[in-house]
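Here's the structure, in structure tokens; my notes come after.
2 protein chains.
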Amino acid sequence: MSALKNIKVLDLTRVLSGPFCTAMLADMGAEVIKVEHPLGGDGAREPSAAVNGESLYFMSLNRGKKGITLNLKEARGLEILKSLIKKSDVIVENFRPGVMAKLGLSYPEVKEINPGIIYASISGFGQDSPMKHLPAFDLVAQAMGGIMSVNGQKGAPPTRVGVSLGDTSTAMYTAFAIVTALLNREKTGQGQSIDVSMVDSIFSLLEMSLFSYLGDDKKVLDRMGSRHPTSYPYDVFEARDGYFTIATFDNTGFSRLCEAMGRSELMEDERFLTDTIRGKNDTALKEIIHTWSKKLTVDQVLEILEQARVPSSPIYNIQQIAESEHIKARQMLVDVEHPVAGPTRLPAMPVKFSQTKASIQGPSPLLGEHTKEVLKNELGFDDEFISTLAENKII
Amino acid sequence: MSALKNIKVLDLTRVLSGPFCTAMLADMGAEVIKVEHPLGGDGAREPSAAVNGESLYFMSLNRGKKGITLNLKEARGLEILKSLIKKSDVIVENFRPGVMAKLGLSYPEVKEINPGIIYASISGFGQDSPMKHLPAFDLVAQAMGGIMSVNGQKGAPPTRVGVSLGDTSTAMYTAFAIVTALLNREKTGQGQSIDVSMVDSIFSLLEMSLFSYLGDDKKVLDRMGSRHPTSYPYDVFEARDGYFTIATFDNTGFSRLCEAMGRSELMEDERFLTDTIRGKNDTALKEIIHTWSKKLTVDQVLEILEQARVPSSPIYNIQQIAESEHIKARQMLVDVEHPVAGPTRLPAMPVKFSQTKASIQGPSPLLGEHTKEVLKNELGFDDEFISTLAENKII
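Line order of the protein sequences matches chains A and B. At position 393 of the first sequence the residue is numbered 428 (this note's numbering), and the sequence of numbers has no breaks. At position 78 of the second sequence the residue is numbered 113 (this note's numbering), and the sequence of numbers has no breaks.
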């Protein structure tokens, strides 16, 4: 049984933020109809990483959705979209603010067509920000949201988080908001609009860095590599053949570490007496740890630290985590059969429900794969009319 | 009107992942009852950043919740918890896997008490991973989830994302899952359990880095600073007095940039003919841009680039984004009156609903602030009995 069975989502989104959000809904069983321009469709179809020439980016973010083409610059295309809106529970868009209004598809207009609809908008800065005209790229959202100022090594330039967190965090908030609005509609019958911005989403994740500034000290934190703002040793360290982490917060962990290194005298060293004092003498302590760890391999270090019960871990690259026992046991990579790419591994949604299991409902659609089916089943169009639409490049 | 009105959430979580999740539910109007140990409570009460000695971390992550104390190691404490479970819709916990079962509070046991309950567990690796014994610190989840291998400057060590994304991404997924399960329960009457892990959540955010590995080329991406995997110039650059971004993907943006720099001849340069070719000659192009930009201030650079319509942005530090016109307009910082700290600014949830507005329902609770109220109203205990419980250190 699917949690979102019978929920129809009209998906006008492209690339990352919107598709990531509607993929979460599709995995929970919603019927997501992705609307693309007949010429080329979603830019994410352009393959950077590919299986058999098919874009993995697109296949992953659009798994389990139906795909139709519609030219929204043509009056008849717009009319068809409006007819589909009448039959939908949710509409999601990630155009620049103002584009939907230009199409005659602002929330008040869509609400006229379907009063109960849930209308979700994703954008760089939100629908009403004084900065809403600025470009909504992930790099810009991360740069202006503050996160880059605290990401990266000490002394290095501000660094973009190595994944498009501006997009994906916004997607997660929007999925949460849509389901919340559906629950509310179930109880009250009311629809509503939802407005989520990438900069706000990034800002909401700042936690300690923001609290430090909002606190009495008004401290503006800078980049500090991998270390904890106050505690030590909670950081990345080097072994002979790579890196590993130690994550201790207290004297118990630290004394175990000292013994594991054969350096119990450090527990008496006044530079290392408490967590906070160690935090201030991080450079000295890191050097001491390196004197020990650089003679050993990562595997040797981790074996010693595990035996000594010092919280520590390897640092996996993408292949190591993807092929790990953990990812296998959690079924976080799923084989999906795609008509062109063939069997393709895609990442699953990281939520394990006991009843309404999340699961990938099928491959991503080919461009326009379901246009006929949707126009017939949802709107009752016949073959001849559909052919005319195709000839006129409406679909 | 609140979307989650009348939803009762029993919150056994501490520090970050769980509290971040239940704060989202509280902002949507759920009644969240946070259960803490009578001695000291949630470790996050220990102030690192503080207002009037009160931990901002705790105040922010536990705003709008009720707080009760209960000693779960005492039989009577456990009995009281079970009585509260009977009256709850949702229970959320972030103990190490196995702890709830030791307390006699595994999902099957809790389901006996309340068949309709939604039981959400947050952990480092999940309830059934072969690695579930490993420490569930954010640093470890980021290290093993793969994200650190692609975060940071080229040649630098793998770098922890400068915020606790292992915790907060898991929180967002869990909040999504809980509301989805509530919607399902509304339709079917069924409760269920939810299991979300920090490593899985980080893994789900890898997108391009993971797709590159899953694709035909099996490319294991490394750290590449702020730049885009293929396109250029999409990166961080230096001006005389700081950093800024340029975010172009195409020849239109690039030719505008060349003209803005007074270097239109670069458009004919064979090293820079297309986006992908530029991506391969990033070092040369960065140097050319720096020759121009390092003579100017960030403000001057951005004024020129804005006029030339080249996508670009400043890079805000925490103070700059917190005090920006954008954050003001979006009401992303909200004044909350706290009985000890006084008026305190807290970050709001980044979703703007037209109907069921998210809003901070009140300050975080003092330790045990609502114990009496909850035991009286929910369980009908009288003053005398409550005093006995306090004397016996059950509450």
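The beta-carbon is built from N, C-alpha and C at its ideal position, and this holds for glycine as well.
Suppose contacts are defined by Cβ-Cβ distances below 8 Å. Is residue i in contact with residue j by that definition?
i: residue 450 of chain A; j: residue 200 of chain A; result: Past the boundaries of the shown model lies residue 450 of chain A; chain A is included only from 36 to 430, so the question cannot be answered.
i: residue 90 of chain B; j: residue 206 of chain B; result: no
i: residue 397 of chain A; j: residue 161 of chain A; result: no
i: residue 247 of chain A; j: residue 159 of chain A; result: no
i: residue 388 of chain B; j: residue 212 of chain A; result: yes
i: residue 221 of chain A; j: residue 218 of chain B; result: yes
i: residue 432 of chain B; j: residue 377 of chain B; result: Limits of chain B in this structure are 36 at one end and 430 at the other, which puts residue 432 of chain B out of reach.
i: residue 194 of chain A; j: residue 188 of chain B; result: yes
i: residue 348 of chain A; j: residue 245 of chain B; result: no
i: residue 279 of chain A; j: residue 345 of chain A; result: no
i: residue 80 of chain B; j: residue 249 of chain A; result: no
i: residue 60 of chain B; j: residue 70 of chain B; result: no
i: residue 39 of chain B; j: residue 65 of chain B; result: yes
i: residue 83 of chain B; j: residue 265 of chain A; result: yes
Using a Cβ-Cβ distance under 8 Å, would residue i count as near chain C?
i: residue 280 of chain B; result: In the displayed structure, chain C is absent; the protein chains listed are A and B.
Taking DSSP as the reference, what is the three-state secondary structure of residue i?
i: residue 136 of chain B; result: helix
i: residue 196 of chain B; result: coil
i: residue 349 of chain A; result: strand
i: residue 481 of chain B; result: The structure shown does not extend to residue 481 of chain B, since chain B spans only 36 to 430, so no value can be given for it.
i: residue 213 of chain B; result: helix
i: residue 325 of chain B; result: helix
i: residue 380 of chain B; result: strand
i: residue 361 of chain B; result: helix
i: residue 46 of chain B; result: strand
i: residue 342 of chain A; result: helix
i: residue 395 of chain A; result: coil
i: residue 128 of chain A; result: strand
i: residue 229 of chain A; result: strand
i: residue 404 of chain A; result: coil
i: residue 118 of chain B; result: helix
i: residue 102 of chain B; result: strand
i: residue 278 of chain B; result: strand
i: residue 86 of chain B; result: strand
i: residue 163 of chain A; result: coil
i: residue 375 of chain B; result: coil
i: residue 248 of chain B; result: helix
i: residue 204 of chain B; result: helix
Which one of the options has the shortest CA to CA distance from residue i?
i: residue 302 of chain A; options: A/328, A/154, A/314, A/286; result: A/286
i: residue 131 of chain B; options: B/120, B/163, B/236; result: B/163
i: residue 328 of chain B; options: B/281, B/307, B/299; result: B/281
i: residue 138 of chain B; options: B/108, B/165, B/207, B/188; result: B/108
i: residue 102 of chain A; options: A/402, A/417, A/366; result: A/402
i: residue 400 of chain A; options: A/375, A/355, A/380; result: A/375
i: residue 255 of chain B; options: A/353, A/347, A/221; result: A/353
i: residue 128 of chain A; options: A/238, A/209, A/380; result: A/209
i: residue 176 of chain B; options: A/145, A/291, A/217, A/350; result: A/350
i: residue 360 of chain B; options: A/234, A/252, A/411, A/284; result: A/234
i: residue 310 of chain A; options: A/343, A/342, A/337, A/268; result: A/268
i: residue 236 of chain A; options: B/428, B/67, B/203; result: B/203
i: residue 198 of chain B; options: B/316, B/172, B/214, B/191; result: B/172
i: residue 166 of chain B; options: A/382, A/424, A/365, A/408; result: A/365
i: residue 373 of chain A; options: A/184, A/422, A/95, A/81; result: A/95
i: residue 410 of chain A; options: A/306, A/263, A/118, A/258; result: A/118
i: residue 382 of chain A; options: A/41, A/308, A/369; result: A/369
i: residue 333 of chain A; options: A/276, A/93, A/300; result: A/276
Indicate, with yes or no, if the ligand GDP has a heavy atom lying under 7 Å from the CB of residue i.
i: residue 302 of chain B; result: Among the ligands in the structure shown, none appear at all, so the ligand GDP cannot be discussed.
>> To be precise: take each residue of the stretch 180–199 of chain A, compare its Cβ to all Cβ atoms of chain B, and keep it if any distance is under 9 Å. Which residues remain?
In response: Hits within the stretch, in order: 180, 181, 182, 183, 184, 185, 186, 187, 188, 191, 192, 193, 194, 195, 196, 197, 198, 199.
> Counting pairs of beta carbons, one from the stretch 220–228 of chain B and one from the stretch 136–155 of chain B, are three or more of them closer than 8 Å?
Replying inline: Between the stretch 220–228 of chain B and the stretch 136–155 of chain B, the count of C-beta pairs closer than 8 Å reaches three or more; the two stretches touch.
> Using Cβ-Cβ distances below 8 Å, what residues of the stretch 137–159 of chain B are close to chain A?
Replying inline: 142
> For the stretch 162–176 of chain A, which residues have a beta carbon sitting closer than 7 Å to at least one beta carbon of chain B?
Replying inline: For chain B, the residues of the stretch 162–176 of chain A that bring a beta carbon within less than 7 Å of one of its beta carbons are 163, 164, 165, 166, 169, 170, 172, 174, 175, in chain order.
> Listed in chain order, which residues of the stretch 324–342 of chain B have Cβ atoms closer than 7 Å to some Cβ of chain A?
Replying inline: none
> Is the stretch 326–340 of chain A close to the stretch 289–298 of chain A, with three or more CB pairs under 8 Å?
Replying inline: yes
> How do the stretch 234–241 of chain A and the stretch 180–189 of chain A stand: do at least 3 beta-carbon pairs fall below 8 Å, yes or no?
Replying inline: The answer is yes - the stretch 180–189 of chain A touches the stretch 234–241 of chain A, with three or more Cβ pairs under 8 Å.
> Between the stretch 265–278 of chain A and the stretch 313–322 of chain A, do at least 3 Cβ pairs fall closer than 8 Å?
Replying inline: These segments touch.
> Of all the residues that make up the stretch 386–405 of chain A, which are near chain B by a beta-carbon distance shorter than 8 Å?
Replying inline: 386, 387, 388, 389, 390, 391
> If contact means a Cβ-Cβ distance below 8 Å, which residues of the stretch 228–249 of chain A contact chain B?
Replying inline: 228, 229, 230, 231, 232, 234, 235, 236, 238, 239, 240, 241, 242, 243, 244, 245, 246, 247, 248, 249
>> If the cut-off is 9 Å on Cβ atoms, which residues from the stretch 200–212 of chain A count as contacting chain B, listed in chain order?
In response: 200, 202, 203, 204, 205, 207, 208, 209, 210, 211, 212
> Taking Cβ-Cβ distances below 8 Å as the criterion, which residues of the stretch 121–137 of chain B are in contact with chain A?
Replying inline: Going along the stretch 121–137 of chain B in chain order, one finds no residue with a Cβ nearer than 8 Å to chain A.
>> Beta carbons nearer than 9 Å to chain B: which residues of the stretch 253–264 of chain A have them?
In response: 253, 254, 255, 256, 257, 258, 259, 260, 261, 262, 263, 264
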